[in-house]
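Q: What follows is a structure written as structure tokens; I'll ask about it next.
There are 2 protein chains.
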Amino acid sequence: MNAPPTPAMTINDVPVYFGDVAGLPDVLSNDYSSVHILADAQTMQFCAPALRSLSWPAPAHWIAMHAGEEAKNLDTCLMVWRQLTDQGADRHSLVVNLGGGVVTDLGGFCAATYLRGIRFLHISTSVLGMVDAAIGGKHGVDLDGLKNYVGVFASPQLVWIDPAFLKTLPDRHVRNGLAEVIKHGCVGDPDLLAMIHGDLSGMAWDDLLLQSVQVKKQFVEADPAERGIRAALNFGHTIGHALETFALETGYDLLHGEAVALGMLAESQIAREVAGLPDAAVDRINTAVRQVFPELGTPAIPPEVLLELIGKDKKRRSGHVHFALISALGVPSIGHQVAPDLIRRMLSYDS
Amino acid sequence: MNAPPTPAMTINDVPVYFGDVAGLPDVLSNDYSSVHILADAQTMQFCAPALRSLSWPAPAHWIAMHAGEEAKNLDTCLMVWRQLTDQGADRHSLVVNLGGGVVTDLGGFCAATYLRGIRFLHISTSVLGMVDAAIGGKHGVDLDGLKNYVGVFASPQLVWIDPAFLKTLPDRHVRNGLAEVIKHGCVGDPDLLAMIHGDLSGMAWDDLLLQSVQVKKQFVEADPAERGIRAALNFGHTIGHALETFALETGYDLLHGEAVALGMLAESQIAREVAGLPDAAVDRINTAVRQVFPELGTPAIPPEVLLELIGKDKKRRSGHVHFALISALGVPSIGHQVAPDLIRRMLSYDS
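For the record, the sequence lines run as chains H and R. Going by the numbering used here, the first sequence opens with residue 290, and the numbers climb by one from there. Going by the numbering used here, the second sequence opens with residue 290, and the numbers climb by one from there.
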């Protein structure tokens, strides 16, 4: 008999396991009345098979949802809550979220609100999920296209990261997740930038993922409810979110990580102007982004539209527009008010 | 200048104020960016006027919802979340829930999930809200008629109880709330039973409300997340909830407290059989219920239907059917499995 797996780390007391998902049942408690596995169209096809032979501690049921950010809404929640009642989920049930950020964000929210909260865990299947979305307790869905407007902070029983699932991802989605790894390099661990290159098959994935999660851990534990320094993780996201909203509204095909990558290109230049980020660091970030996204273009967005989107989203959320920048590689510098003129000027970075 | 009001008590660190609602602004912090007051059709008409002249610490907006349990659903939540975004609510906004249990349950849930949780407070305007619904952190809404299936535990900034609002209630709704006071008498403080009589105008309301809230405080603080003894507060509710569901489904006009009152009549007899509740105590409960509800009749529900409803709801929630009974006045005795035959027999109590 093998010893049960041990967590690679804990983050705010949530154990994060790293390795073959076959080990998951060995670390589950045995007091669950039922298990409900939520997967989207992608993970149902490519990841679910690895789970079907596992011995769950209680009868297991499956819930299928659509894939993609468009599905991260309250209609899908309603479907999940109804399936939970139909499948007989009670206060002692477990929800297992099998997927990337959309599935873990939505499934965690549904579980944390079903019968005022039942237990759940995440099996993260994408780069973006593993290093970012599944870590840190933020869960929720979009409201009329407003990102993550309805949600809760809640802790999963555990997070499971099995790098083998990355082989199920299209290249574009692997690169998409690497944007958050680059961001973690920028705000907390410059060594990460050296580990990234354009050839996806040649990277030291285990080290890359673990070291990236370590950066997220550091900020999440310092500031669990995002009242201060956790905002550093928004580097690239102020402009990135605005680009993403514009893309959603106009039907332009742009993934979250791609938007953040473009956001980092612009915001690193803003950081040079207002936070003293050295030229060499700006170049280093550019190189990393361009290695991963050699052909990524910016949607043709009029600067005034972008400025308006930035203002609306940030003001709606927090009453002001503050940029989370960096003053050196690995050194966050948050709370910057940036003049519209400067933003307008920086948006011409690639022209 | 008067000293600011002081709380009558705190419950799990939530201050509970008792008195003229005009004192509310004096105890609010001044770091809110906006105030959003949720009221239903009733409280908008009869209670809102008392709030319109108050000086809020930030611009105040109103949100109106329908009254009644039928409105406690996710459609209403969607309306509230949308109003919050339209009114510019951000992370520093305050939601004020002005109403009975439906408004505070739903408004608390909406606030606790808007932008992953913003601050909120309850101004409770009904007897049932003051002694029960607004106290203890449970918030949520019904899902396809399943009571409170979607919700969270969350703490308001404070609860405000102004007995003057009781004058805005129809007699029937005052009596409705007294059912929970009788229940508090049964499970925690028999003195409460002596304070209740049929003549509503002659009761010592301030004492009655405060002493009833004290009972709720005692159970809520002993067991905030309802893992054990807090279940004692479900006395009368196992059968009561089933009657309520039956009434909702068949269009029979029965309020929550009325259903609980009928539930206590039946469950006190069950308690005599399985928990040794003395005859005199059963009689005492009957007298109290009949003083407040002299003409309340039981809906004509076939025993088998009731048994099925009891089983479905309880099993769905917790995987088993356990009754929360009492073994003497003021002495809870929870976790009873009750044979269907006995339930069937006890249902004939009023024939």
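Ideal placement from N, C-alpha and C gives every residue a C-beta, glycine not left out. These numbers were taken from a predicted model, which means no experiment stands behind them.
Under three-state DSSP, which class holds Val-620(R)?
A: Reduced to three states, the DSSP call for Val-620(R) is strand.
Q: So who's on the other strand from Asn-386(H), going by DSSP bridges?
A: In the DSSP output, where bridge partners are listed per residue, Asn-386(H) has Leu-327(H), His-411(H).
Q: Interface residues of chain R around Gly-608(H) at Cβ under 8 Å?
A: Ordered by position in chain R, the residues that pass the 8 Å Cβ test against Gly-608(H) are Ser-322, Asp-379, Arg-380, His-381.
Q: How would you list, in chain order, the residues of chain R whose beta-carbon sits under 9 Å from the beta-carbon of Gly-406(H)?
A: Here the neighbours are Gly-440, Val-441, Phe-442, Ala-514.
Q: With a 10 Å radius around its C-beta and 16 neighbouring C-beta atoms as the bar for buried, classify Ala-292(H) as buried or exposed.
A: So Ala-292(H) ends up on the exposed side.
Q: Quick check: what's the CA-CA separation for Gly-565(H) versus Pro-304(R)?
A: So the two alpha carbons sit approximately 47 Å from each other.
Q: Measuring alpha carbon to alpha carbon, tell me which of Lys-506(R), Gly-540(R), Gly-388(R) ends up nearest Lys-302(R).
A: Looking at the sequence provided, one finds Asp at residue 302(R) rather than Lys. Of the listed residues, the one whose Cα sits closest to Asp-302(R) is Lys-506(R).
Q: Should Lys-601(H) and Val-549(H) be called a contact, given that it needs their Cβ atoms to be closer than 8 Å?
A: Contact: no.
Q: Any beta carbon from chain H within less than 8 Å of Asp-639(R)'s own beta carbon?
A: With a pLDDT of only 47 at Asp-639(R), under the threshold of 50, the placement of this residue in the model should not be trusted, and no figure is reported.
Q: Quick check on DSSP: helix, strand or coil for Pro-304(R)?
A: Note: Pro-304(R) maps to strand in three-state DSSP.
Q: Using CA atoms only, rank isn't needed, just tell me which of Leu-455(R), Gln-372(R), Arg-341(R) is closest to Leu-644(R).
A: Since the displayed chain R opens at 290 and closes at 640, residue 644(R) lies outside it and no answer follows.
Q: According to the neighbour-count rule (16 or more other Cβ atoms, all chains shown, within 10 Å of its Cβ), is Thr-299(H) buried or exposed?
A: So Thr-299(H) ends up on the exposed side.
Q: Looking at chain R, is there any beta carbon in it that lies within less than 8 Å of the beta carbon of Trp-370(H)?
A: Output row for Trp-370(H): interface = yes.
Q: With H, G and I counted as helix, E and B as strand and the rest as coil, what does DSSP make of Lys-361(R)?
A: Of the three classes helix, strand and coil, the one that applies to Lys-361(R) here is coil, per DSSP.
Q: Looking at His-355(H) and Asp-394(H), is the spacing between their C-beta atoms short of 8 Å?
A: No, Cβ-Cβ distance for Asp-394(H) and His-355(H) is not below 8 Å.
Q: Going along the segment 402-431 of chain H in order, which residues come within less than 7 Å of chain R, judged by CB to CB distance?
A: Taking 7 Å as the Cβ-Cβ cut-off against chain R, the residues of the segment 402-431 of chain H that qualify are Thr-402, Tyr-403, Leu-404, Arg-405, Gly-406, Lys-427, Gly-429.
Q: What is the DSSP secondary structure of Val-441(H), counted as helix, strand or coil?
A: Val-441(H): strand per DSSP, three-state reduction.
Q: Please state if the CB of Phe-409(R) and the CB of Gln-446(R) are separated by a distance shorter than 8 Å.
A: Closer than 8 Å, so yes.
Q: In the DSSP assignment, what are the bridge partners of Leu-614(R)?
A: Paired residues: Ser-622(R).
Q: Thr-374(R) touches chain H at which residues, Cβ-Cβ below 9 Å?
A: Per Cβ cutoff of 9 Å: Leu-432, Asp-433, Leu-435, Tyr-438, Arg-605.
Q: If we count the other Cβ atoms within 10 Å of its Cβ and call it buried at 16 or more, is His-428(R) buried or exposed?
A: The residue is buried, with at least 16 neighbouring Cβ atoms inside 10 Å.
Q: Using the beta-carbon of each residue, which ones in chain H are nearer than 7 Å to Leu-367(R)?
A: In chain order: Leu-363.
Q: Would you mind giving the Cβ-Cβ distance between Gly-312(R) and Pro-294(R), rounded to the nearest angstrom? I have them listed as a contact below 8 Å.
A: Gly-312(R) to Pro-294(R), Cβ: 4 Å. Contact.
Q: If you drop the 5 nearest sequence neighbours on each side, which residues of the same chain put their C-beta closer than 6 Å to that of Met-419(H)?
A: Ser-413, Ile-450, Leu-498.
Q: Just the C-alpha distance for Gly-396(H) and Asp-495(R), rounded to the nearest angstrom, thanks.
A: Going by the C-alpha atoms only, they are around 45 Å apart.
Q: How long is the line joining the alpha carbons of Ala-400(H) and Gly-487(R), rounded to whole angstroms?
A: Roughly 44 Å separates the two Cα atoms.
Q: Looking at the structure shown, is Trp-449(R) part of a helix, part of a strand, or coil, going by DSSP?
A: DSSP places Trp-449(R) in strand when its eight states are reduced to three.
Q: So Gly-565(H) is in the beta strand (DSSP E); what residue range does that whole segment cover?
A: No beta strand (DSSP E) contains Gly-565(H), which DSSP labels as neither H nor E.
Q: Does the separation of the CB atoms of Ile-623(R) and Ala-613(R) fall below 8 Å?
A: It is a contact, given that the beta carbons lie within the stated cut-off.
Q: Taking all protein chains shown into account, decide if Gln-331(H) is buried (16 or more other Cβ within 10 angstroms of its Cβ) or exposed.
A: So Gln-331(H) counts as buried.
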